[in-house]
């Protein structure tokens, strides 16, 4: 939906001036769609997907980014890396016994996200601990939701 909004804003086939590319990428980062350290990778993927007759457009961004995108719980999108980084930063809010009491009291205010296990495994092939932590985190959230009145 977010990429569709970008597409509708710019229109199909509308080229974006080069000086506007950086602000667009900044908006993707500000909205949690890509990580700060991921913008160079995204730009390289976009440049690699351009043809000689094609200019920078929403269609190009969508085509370049779609293999890395996953769906968040709130219906938004994000790159696998951005979603896992968000989950991982929420994991820092947990103590050794689980969430501390402050987090439990305010859990509904946290920006809860998840991505499908397949996407997590594709992203974290070399880091099994990260996949395990994300699974544990999602399970704790589910149990918390079930046990709340």
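Residue numbers (the working numbering): -8 to 140. From the three backbone atoms N, C-alpha and C, an ideal C-beta is built for every residue, glycine too. From a predicted model like this one, the values you see are computed outputs, not experimental measurements.
Query raised in the report: Whose C-beta lies closer than 7 angstroms to the C-beta of residue 24 among residues of the same chain, with five residues either side of it excluded?
Result: Here residue 24 is taken as the residue at index 33 of the chain shown, counted from 1. The answer, listed in chain order, is -7, 68, 69, 70, 73.
Query raised in the report: Cβ of residue 75 within 8 angstroms of Cβ of residue 55?
Result: Residue mapping note: residue 75 aligns to position 84 of the chain shown, counting from 1. Residue mapping note: residue 55 aligns to position 64 of the chain shown, counting from 1. Not in contact: residue 75 and residue 55 (Cβ atoms no closer than 8 angstroms).
Query raised in the report: Quick one: is residue 27 buried, meaning 16 or more other Cβ sit within 10 Å of its Cβ, or exposed?
Result: Within the chain shown, numbered from 1, the residue matching residue 27 stands at position 36. Around the beta carbon of residue 27, fewer than 16 other beta carbons sit within 10 angstroms, so the residue counts as exposed.
**Report entry** Beta-ladder partner(s) of residue 62, from DSSP
**Finding:** Numbered from its first residue, the chain shown carries residue 62 at position 71. According to DSSP, which records beta bridges pairwise, residue 62 is partnered with 68.
Query - Status (buried if at least 16 other CB within 10 Å, exposed otherwise) for residue 61 - result: Along the chain shown, one-based indexing puts residue 61 at 70. By the neighbour-count rule (16 or more Cβ atoms within 10 Å), residue 61 is buried.
Query raised in the report: In three-state terms, what does DSSP make of residue 17?
Result: Taking the first residue of the chain shown as 1, we reach residue 17 at position 26. Correct three-state label for residue 17: helix.
Query raised in the report: For residue 53, which of 19, 77, 63 has the nearest alpha-carbon?
Result: Within the chain shown, numbered from 1, the residue matching residue 53 stands at position 62. Per the Cα distances, 19.
Query raised in the report: Does the separation of the CB atoms of residue 51 and residue 40 fall below 8 angstroms?
Result: Locating residue 51 in the chain shown gives position 60, where the first residue counts as 1. Locating residue 40 in the chain shown gives position 49, where the first residue counts as 1. In this structure, the beta-carbon distance from residue 51 to residue 40 falls below 8 angstroms.
Report task. Have a look at residue 196 and residue 16 and give me their C-alpha separation to the nearest angstrom. Result -> Outside the displayed range of the chain (-8 to 140) lies residue 196, so it cannot be described from this structure.
Report task. Just the C-alpha distance for residue 21 and residue 11, rounded to the nearest angstrom, thanks. Result -> Residue mapping note: residue 21 aligns to position 30 of the chain shown, counting from 1. Residue mapping note: residue 11 aligns to position 20 of the chain shown, counting from 1. In a straight line, the C-alpha of residue 21 is about 15 angstroms away from that of residue 11.
**Report entry** Cutoff 7 angstroms; reference residue 141; Cβ partners in own chain excluding five residues on either side
**Finding:** The chain is shown only over -8 to 140; residue 141 falls outside these bounds and no answer can be derived.
Requested in this report: Hey, could you find the ends of the alpha helix (DSSP H) residue 37 is sitting in?
Outcome: For the purposes of this step, residue 37 is taken as the residue at position 46 of the chain shown. Residue range 30 to 40 is occupied by the alpha helix (DSSP H) that includes residue 37.
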